[in-house]
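What follows is a short report on a single structure.
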Amino acid sequence: MGVPATHTTLNLSGKFTMNKTLTDQTALDAVLKLQGIGMLKRTAAGLVAPTMCIRNVTDAAGVEHLEIEQGVSGGPAPKPEVWPLAWTEKTSESPLLGTVHGLIEAEMRGGDAKWTFIQIWGVEEINGERRHIRHARCTGPKGKVIEMKFVYDYAGPL
């Protein structure tokens, strides 16, 4: 399902599920492999539907943040991540990727794995519908580059 007209880069709030038909699953598996994720975890990742809740919030000091909860359908409750929109780097722990470091520009670097993953978030028209998307570029430890696009279905407001 496409996003409403109110969903823009100024307000990314909503519930989303990765569209596994419009997201290239072969490229996704290759990205996870490049990040050092083993075959068993990659296979499991291919069997579930990743979900995400995004909230745009402003704290008492006037700093805008994105609060993001990422998980899988039927999985454990996701741990919320808070990403300040203030050009400051943040370190986060991912159950799948381990320690990652990033900015809201969405550049992440693997702790010991020496990979980088750059994402650009936005809204794009796909098959006549406005969709929440993320264009991604992953560079592995040996310089191999994989580019892909994540496409999300809008599952409703928060």
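Each residue of the sequence shown is one higher than the last, beginning at 561 in our numbering. Even glycine gets a Cβ: it sits at the ideal position worked out from N, Cα and C.
Who are the Cβ neighbours of residue i in its own chain at under 7 Å, not counting the five residues just before and after it?
i      : result
Gly700 : Leu594, Trp675
Ala587 : Ile706, Met708
Ala673 : Gln595, Gly596, Pro701
Val632 : Val608, Ala609, Pro610, Thr611
Thr659 : Thr651, Glu653, Gly671
For residue i, which three-state DSSP category applies?
i      : result
Gly700 : coil
Asp672 : coil
Val591 : helix
Lys601 : helix
Leu570 : coil
Leu718 : coil
Gly562 : coil
Thr583 : coil
Gly634 : coil
Gly688 : coil
Gly606 : helix
Leu645 : coil
Gly622 : coil
Excluding the 5 residues preceding and the 5 following residue i in the sequence, name in chain order all residues of the same chain whose CB lies nearer than 8 Å to its CB.
i      : result
Pro640 : Glu627, Ile628, Glu629
Tyr714 : Met561, Gly562, Val563, Pro564, His567, Gly574, Lys575, Phe576, Arg691, His692
Gly634 : Val608
Within 10 Å of its beta-carbon, does residue i have 16 or more other beta-carbons around it, so buried, or fewer, so exposed?
i      : result
Asp619 : exposed
Met578 : buried
Val591 : buried
Gly670 : buried
With distances taken from CA atoms, which of the options is nearest residue i?
i      : options                        : result
Arg615 : Thr569, Leu600, Ala590         : Thr569
Ala609 : Gln585, Gly598, Gln679, Gly596 : Gln585
Arg697 : Arg602, Ile678, Gly631, Lys704 : Ile678
Glu653 : Met668, Val617, Leu645         : Met668
Lys704 : Ala621, Leu718, Gly596, Asp672 : Gly596
Cys645 : Lys580, Val623, Ala605         : Here residue 645 turns out to be Leu, not Cys, going by the sequence shown. When each option's Cα is compared against that of Leu645, the closest is Val623.
Pro655 : Leu572, Thr581, Arg602         : Arg602
For residue i, I'd like the list of residues in its chain whose CB is within less than 6 Å of its CB, leaving aside the five on either flank, ordered along the chain.
i      : result
Thr583 : Phe710, Val711
Met612 : Phe576, Gln630
Ile680 : His695
Pro638 : Glu629, Gln630, Gly631
Would you please verify whether the beta carbon of residue i is less than 8 Å from any beta carbon of chain D?
i      : result
Cys698 : In summary, chain D is missing from the structure at hand, where a single protein chain is found.
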